[in-house]
Amino acid sequence: MLNVSNLNVFYDAIHALKDVSFRVEQGEIVTLIGANGAGKTSTLHTISGLIRAKAGEIHFMDQPIHGMEAHKIMQMGLVQVPEGRRIFSQMTVLENLDMGAYARKDRANLPEEMDRVFQSFPRLKERRKQLAGTLSGGEQQMLAMGRAMMSRPKLLMLDEPSMGLSPILVQEIFSIIREVSKQGVTILLVEQNARMALSIADRAYVMETGSIVLEGSAKELLGNEEVKKAYLGS
Numbered sequence: 005m006l007n008v009s010n011l012n013v014f015y016d017a018i019h020a021l022k023d024v025s026f027r028v029e030q031g032e033i034v035t036l037i038g039a040n041g042a043g044k045t046s047t048l049h050t051i052s053g054l055i056r057a058k059a060g061e062i063h064f065m066d067q068p069i070h071g072m073e074a075h076k077i078m079q080m081g082l083v084q085v086p087e088g089r090r091i092f093s094q095m096t097v098l099e100n101l102d103m104g105a106y107a108r109k110d111r112a113n114l115p116e117e118m119d120r121v122f123q124s125f126p127r128l129k130e131r132r133k134q135l136a137g138t139l140s141g142g143e144q145q146m147l148a149m150g151r152a153m154m155s156r157p158k159l160l161m162l163d164e165p166s167m168g169l170s171p172i173l174v175q176e177i178f179s180i181i182r183e184v185s186k187q188g189v190t191i192l193l194v195e196q197n198a199r200m201a202l203s204i205a206d207r208a209y210v211m212e213t214g215s216i217v218l219e220g221s222a223k224e225l226l227g228n229e230e231v232k233k234a235y236l237g238s
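Residues in the sequence shown are numbered from 5 upward in steps of one, following the numbering used here.
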């Protein structure tokens with residue numbers, strides 16, 4: 005579904021991504037793990053069209069999307085939930101969800117989509133008239149994910165969904181990611197909490213200083229001694 009090939013990205017003189025290549029098959033949960041500054045977010049931003057690559061190719065559903073504008077990539081069904089939530093804090097929960105569907109032409113199906121989001125995130129239904137800025141961190145993460153779901157993504161890219169959340173909320177968010185996957189949405193997950201990411205992923209790639217240094221099934225990487233030492237605290 006997604007094929008990233010020899011991606012190179014520079015920030016001025018800094019070589020941020022170095023020949024990054026990986027794939028995501030339809031129906032998979034694939035995770036990119038690595039320390040802060042490894043290049044995970046830069047990878048997502050480049051796929052989304054927010055950053056331009058110096059070299060390399062990105063194909064989504066066999067279509068080349070490198071060089072395409074970000075809003076057109078999103079309209080194809082490749083949608084990113086950004087790091088730090090980025091919700092519209094002065095708008096209500098309902099208004100935020102509506103914003104997620106702004107580019108959709110099939111407006112008649114939106115009530116059905118809203119119901120599906122509320123099934124996945126019942127707390128958002130309870131707080132639908134509340135200002136988004138007054139929600140807890142966990143609820144804001146749910147809202148960011150729900151807003152993305154309103155655009156009916158084919159592939160959902162999640163950037164650090166567990167950031168700043170309590171362990172109980174982390175468990176809840178990851179359970180919801182599993183449920184979203186079961187609904188037929190392919191997922192590319194960037195996450196510092198390597199243990200949680202590997203516990204729900206099918207396959208994983210390890211990034212260090214802008215390069216992919218290791219890949220394999222999530223089960224293999226959970227048992228890998230290097231990965232355990234560097235990322236799993238054991």
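The beta carbon of each residue, even a glycine, is placed where N, CA and C say it ideally should be. Because the structure is a prediction, the values reported are computed rather than measured.
When C-alpha distances from Phe64 are compared across Met80, Ala205 and Arg56, the shortest belongs to Met80. If one requires a minimum length of 3 residues, the beta strand (DSSP E) runs lying completely within the region 52 to 107 are 59 to 64 and 82 to 85, in chain order. Ranked by Cα distance from Val184, the first of Phe122, Glu87 and Met167 is Phe122.
Tyr235 counts as buried, since no fewer than 16 other beta carbons sit within 10 angstroms of its beta carbon. Ile177 and Val231 have their C-alpha atoms spaced approximately 23 Å apart. Linking Leu6 to Asn12 through their CA atoms gives a straight-line distance of about 17 Å.
DSSP places Asn40 in the coil class of the three-state scheme, outside both helix and strand.
Contiguous beta strand (DSSP E) elements confined to the region 164 to 205 occur at 190 to 195, taking only those with 3 or more residues. A contact between stretches requires three or more CB pairs, one per stretch, nearer than 8 Å, and the region 152 to 171 fails this requirement with the region 127 to 138. In terms of CA proximity to Ile37, Leu193 leads the group His49, Glu224, Lys223 and Leu193. Beyond the five residues adjoining it in sequence on each side, Pro68 comes within less than 8 Å, by CB distance, of Glu61 and Ile62 in the same chain, given in chain order. Beta-carbon to beta-carbon, Ser155 and Arg108 are separated by about 7 Å, close enough to satisfy the 8 Å threshold. Inclusion of Thr35 and Ala201 in the CB contact set at 8 Å is warranted, their separation being smaller than that value. Gly141: member of the alpha helix (DSSP H) spanning Gly141 to Met153, first to last residue.
In this structure Met153 is not in contact with Ile180, their Cβ atoms being roughly 10 Å apart against a cut-off of 8 Å. For Gly43 and Leu128, the gap between their C-alpha atoms comes out near 32 Å. Linking Ser215 to Lys233 through their CA atoms gives a straight-line distance of about 19 Å. In terms of Cα proximity to Glu195, the closest of Arg27, Ser140, Glu224 and Leu48 is Leu48.
If the five residues before and after Phe14 are omitted, its C-beta is found closer than 7 Å to the C-beta atoms of Ala20 and Lys58, all from its own chain and listed in chain order. Glu116 sits exposed, since fewer than 16 C-beta atoms from the chains shown fall within 10 Å of its C-beta. In the three-state scheme derived from DSSP, where H, G and I count as helix and E and B as strand, Gly220 is classed as strand.
The three-state reading of DSSP puts Leu236 in coil, since its state is none of H, G, I, E or B.
Nearest neighbour of Ile77 by Cα position, chosen from Phe92, Val97, Ile55 and Gln94, turns out to be Ile55. Within the DSSP secondary-structure output, Ser215 pairs in a beta bridge with Glu212.
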